[in-house]
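Read the structure below first, then the notes.
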Amino acid sequence: MSQSLAYFRGQIVPIEQANVNVMTHALHYGTAVFEGIRGNWSDSEEKMFVYRMREHYIRLLQGCRMLMMDIGKTADELCDITENLIKDCGYKQDLYIRPLAYKSEELIANLKLQDLSSDFTLIMVPFGAYLESDGALNCCTSSWRRVDDTIIPPRVKISGHYVNSILAKTEATLAGFDEAVMLTPDGFVSEGSGENLFMINDGILVIPPVSDNNLTGITRDSAITIAKEDLGMEVLERRIRRSELYFADEVFLTGTAAHIQAVGRLDSRNIADGETGEYTLAINEIYQKAIRGENPKYRGWCTEVSVN
Ligand code: PMP
């Protein structure tokens, strides 16, 4: 039997008991850092495969350094807490795992990061597809520019800067699109609202550098590794112009929640024939096996958790 539990104030408690006070600093100012991790359930092995968990916690701890938060835990300790919560919750289906480090001080009218207490909490929910599209995505270029590193560093998952992604995603979906492509303030391609972006031309994988205000994506790293090592593709990191996307052979997005999904249309123009391209399909096929521990080469990317 499964139950909804949280790791909260150092203990595992029923989710209803994991509540913060309205004075909490993070609630007012977005002074928090989060992660999104997938637990992928394998029916054949009767186990949860948690995908690249340690890398997610290393990125969380980088975000904590940015916001001067000492949560008093190492990446390995955070992995242990996560494994224990997965076992206690007992879900036997795909999960979205959400760690959150936050400024827990119950103090408002204070804009200094120093001297504010911090805490760490963890929740997990059953989760299927994030982007509700069977085939290639229909995207638009957002009128909202991606937050710049000179404003709030977007390379880590600081809660406050997600207002930027949320404005873009809201605008795109209200206009009938699946997802937004965001540009840097000086007009180069940055990423999706919650995904990194890839372009393929003549079999070469082209990606914007992280310095163009995108997240240091873990799925991005997986797709690069698979493209290079399994498909022998050349990977080129360079700035990308918006108009290049219209003429690309293939464009796809990557993210923990989104997985790997092709962009078939951008700004009401088809990209190639508008369908998922052959390289995107090939990378995705290998990735889908890797995240469930079904590819021996990438088994090390997964932490196996037995659930009773
Ligand atoms: N960019 C943004 C803005 C995101 O929120 C995410 C999701 N974490 C990604 C990219 C993809 O990163 P990852 O593959 O590590 O989930």
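Anchor point for the sequence shown: position 39 equals 38 in numbering that gives the first Met the number 0, and the numbering is continuous, going up by one each time. Ideal Cβ placement from N, Cα and C applies to all residues, glycine included.
Item, Value
"Buried/exposed call for I157, threshold 16 Cβ in 10 Å", "buried"
"R145 - DSSP class collapsed to helix/strand/coil", "coil"
"Any C-beta of chain D under 9 Å from that of D133", "Among the chains of the structure shown, chain D does not appear; only one protein chain is present."
"Straight-line Cα distance separating Q2 from L17", "Note on residue identity: the sequence assigns Ala, not Leu, to residue 17. Spanning the two alpha carbons is a distance of roughly 14 Å."
"Cutoff 8 Å; reference S41; Cβ partners in own chain excluding five residues on either side", "M47, F48, R291, G292, E293"
"For E131, three-class secondary structure by DSSP", "coil"
"Of the listed residues D118, P152, L94, A100, nearest to A128 (C-alpha basis)", "L94"
"Helix, strand or coil at P295 [DSSP, three-state]", "helix"
"N317 versus D185 - alpha carbon distance", "Examination of residue 317 is not possible in this model, given that the chain is present from 0 through 307 alone."
"Terminal residues of the beta strand (DSSP E) in which M181 lies", "178 to 182"
"Beta-carbon gap between V155 and L77 smaller than 9 Å", "no"
"Check: S210 C-beta below 8 Å from any heavy atom of the ligand PMP", "no"
"Those runs of the beta strand (DSSP E) which lie wholly inside the region 46 to 109 and span at least 3 residues", "46 to 50, 94 to 102"
"Closest by C-alpha distance to K168, when choosing among S117, L4, G191", "G191"
"8 Å contact criterion, which M181 and E243 should meet: CB distance rounded", "So it is not a contact: roughly 15 Å between Cβ atoms."
"Beta-carbon proximity check, R97 vs M123, cutoff 9 Å", "yes"
"Limits of the beta strand (DSSP E) - the one that H160 falls within", "Per DSSP, H160 belongs to no beta strand (DSSP E) and is neither H nor E."
"Buried/exposed call for R145, threshold 16 Cβ in 10 Å", "buried"
"Residue range of the unbroken alpha helix (DSSP H) whose run includes Q10", "Run containing Q10: none in the alpha helix (DSSP H); it sits in the beta strand (DSSP E), 10 to 13."
"S132, buried or exposed, once every other Cβ within 10 Å from all chains shown has been counted against 16", "exposed"
"Bridge-paired residues (DSSP) for S267", "Beta-bridge pairing links S267 to no other residue."
"Whole-angstrom C-beta distance between F246 and D211, which should lie under 8 Å", "Between F246 and D211 the Cβ distance is about 19 Å, and since that is not below 8 Å, they are no contact."
"Same chain, Cβ closer than 6 Å to N137, five either side skipped, listed in chain order", "F176, D177, R264"
"Short Cβ contact (9 Å threshold) for T218 with I285", "no"
"Where D201 falls: helix, strand or coil (DSSP)", "coil"
"Candidates P207, H27, R51: closest to E236 by CA position", "P207"
"Paired residues, beta bridge with D118 - DSSP", "Y101"
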